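When you read off a place in the sequence shown, starting at 1, and then add 67, the result is the number in my numbering. Yeah, the Cβ is synthetic: ideal placement off N, Cα and C, and Gly gets one too. All of these numbers come straight from a predicted model, not from anything done at the bench.
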Amino acid sequence: MGPRLTLAILVLLTGCSDHGASTRPDVASPSASPAATTQTTATTQSAEHRGEPDRTTPAERWAEPPVSHLLAVHHDDTRASARTTAVELATPGPVAGDERSWPALPLERWPGHFTFPASHDGGPHYAVARPDGERFSLVWAAVGDAAADRTVDLGPRAPAALLVAGTHVLAGIDNIVGEADFEPPVPTFRELHTRPEMPRGKAYDLLTRTGDWVIAIDDIVMPIYADGLRLGPGGRARHEVGFELPGAINGTYRYAALHRTGPDTGVLYAIVSYGIMDGSGQDLARLPVEGGRTTSGFELILNSGGHPNVLEEHVDRGTGKPTALTAGSTFTPWTGLALLEDPAGLRHVLLAAGARGLLVLDPEVGPTTKAETIELGGPCYDVRAVGARVFALVEGAVVELHTVDGHLREHARASMPAGFAQWAR
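Structure, rendered in structure tokens:
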């Protein structure tokens, strides 16, 4: 029995990982409130999932807002403050706006470390979480107008992740997906869905969306819980289905992006980092989705080796040298994930890979996939795709790329203050 299999069995039996520090506050899982108990359960599916026709009218459906800006974030987990700047997607190229400073959220289980949940859907507003005494608030901030901030109280539990959709904001708070509504004059917050089987210390740390389809992901310690939600007018969400994602030996889901091929079918791409007995590395998993849930669940261990839908980069613990890379000769973490789509379908999977630059991969990723490398004049920290336009964050700049003769090429570049290394999503 190999070391990976032995450790996989140990993790599955104990429900623990060797990560000594969580990026989430250590708070008790709340019991469901009376309002929460009326929400759809994890096993209940909508009419759409039961194969019934969609009888909603256009006015009852989600309408995707136009994307005019992207929000760049400057924060590292040892600093008690963060900065944001809205980048206008102008023509002929992007334009960085004014900076704003924000307090970050202290991590109770990791003294001296902080997190900064922020989200932006490309519209005129974005959301950030901030500490408010012994409680936490959600700020609905207007691009370019700090005086127009609106807030809503989230209670004593810190959010792990946010997702802006129209005038609504989803928040992962422990085993709850909550929803703030900023459409009325006085904003409100409600517990949208509770996953009672999620134990204390786990939380929805990762929220990803395509159109009206949202997947909320608990990122660490098997089983990896996930839930599908659907957006209605203005972004108001409803819960549809609960499921479990494939696990990873001592692994953490870092990034996720959803490619849609039908109402509840598609592919979930996920980056998972890990550290095991024979080394450390990262996986890019291509997970088919049918009926709103991935076709593989907890029975699949992503970093057990050789799965046809998993691309793995690995560094040997003994030598400190990489034994598998998709590009280049030196291992660097993948710190951003984007999908470049067009009317014909998914063209490329894009990975921000630090000093290796921007990596461009075929969507049918697998163990032997090799990436095209695009040098951007500095480390590539994050990447977003907006229609046919690609925006990469590099040190001191944002770079816009377009497809020319089937390959991404630099189109424009705008200077930014150093240290902005993340796009809010």
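- With fewer than 16 other CB atoms across the displayed protein chains lying within 10 angstroms of its CB, residue 471 is exposed.
- For residue 243, the enclosing beta strand (DSSP E) begins and ends at 243-248.
- When 380, 383, 352 are compared, the shortest CA-CA separation from residue 369 is found for 352.
- Cβ contact annotation for residue 167 (same chain, cutoff 7 Å, sequence separation greater than five): 150, 151, 213, in chain order.
- With a threshold of 16 other beta carbon atoms within 10 Å, residue 186 meets it and is buried.
- Between the alpha carbons of residue 135 and residue 159 lies a gap of roughly 13 Å.
- DSSP places residue 174 in no beta strand (DSSP E); its state is neither H nor E.
- Separation of residue 341 and residue 482 (C-alpha to C-alpha, rounded to the nearest whole angstrom) is 34 Å.
- For the pair residue 131 and residue 320, the Cα-to-Cα distance works out to about 27 Å.
- In this structure, residue 420 keeps its C-beta atom at 8 Å or more from the C-beta atom of residue 386.
- Residue 300 sits in a helix when the DSSP states are folded into three classes.
- Secondary structure note for residue 477: its beta strand (DSSP E) is the uninterrupted segment 474-482.
- Checking the DSSP bridge columns, you'll see residue 440 partnered with 426.
- 418 is the residue among 338, 170, 456, 418 whose C-alpha sits nearest the C-alpha of residue 441.
- Just measuring C-alpha positions, the residue of 490, 463, 489 sitting nearest residue 480 is 463.
- Secondary structure of residue 369 (DSSP, three-state): helix.
- Taken in chain order, the complete alpha helix (DSSP H) segments of 4 or more residues contained in the region 262-336 number zero; there are none.
- Nearest C-alpha to residue 416 among 409, 254, 284, 426: 426.
- The continuous stretches of beta strand (DSSP E) do not include residue 251, and DSSP gives it neither H nor E.
- Per DSSP, reduced to three states, the secondary structure at residue 386 is coil, with no helix or strand assignment.
- Around residue 394, the same chain offers 423, 426, 437, 438, 440 as residues with beta carbons nearer than 7 Å, after the five sequence neighbours per side are excluded.
- CA-to-CA, the gap between residue 443 and residue 461 works out to about 7 Å.
- Here residue 490 carries a strand assignment [DSSP, helix/strand/coil].
- With a 10 Å radius around the Cβ and a threshold of 16 neighbouring Cβ atoms, residue 253 comes out exposed.
- A check of alpha carbon separations from residue 206 across 200, 199, 216 identifies 216 as the nearest.
- Partner residues in the beta bridge of residue 257, as assigned by DSSP, are 246.
- Residue 136 is bridged by DSSP to 155.
- Per DSSP, residue 143 lies in no beta strand (DSSP E) and is assigned neither H nor E.
- Rounded to the nearest whole angstrom, the CA to CA distance from residue 267 to residue 226 is 14 Å.
- Between residue 364 and residue 311, the beta carbon gap of about 5 Å places them in contact (Cβ cut-off 8 Å).
- The continuous beta strand (DSSP E) containing residue 197 extends over residues 192-199.
- Between the alpha carbons of residue 477 and residue 406 lies a gap of roughly 17 Å.
- In the structure shown, residue 467 adopts extended strand secondary structure according to DSSP, grouped into three states.
- In this structure, residue 430 lies away from residue 378, with their beta-carbon atoms at least 8 Å apart.
- Put simply, of 240, 257, 260 the residue whose alpha carbon is nearest the alpha carbon of residue 271 is 240.
- Sorting 153, 228, 329, 161 by C-alpha distance to the C-alpha of residue 183 places 228 at the top.
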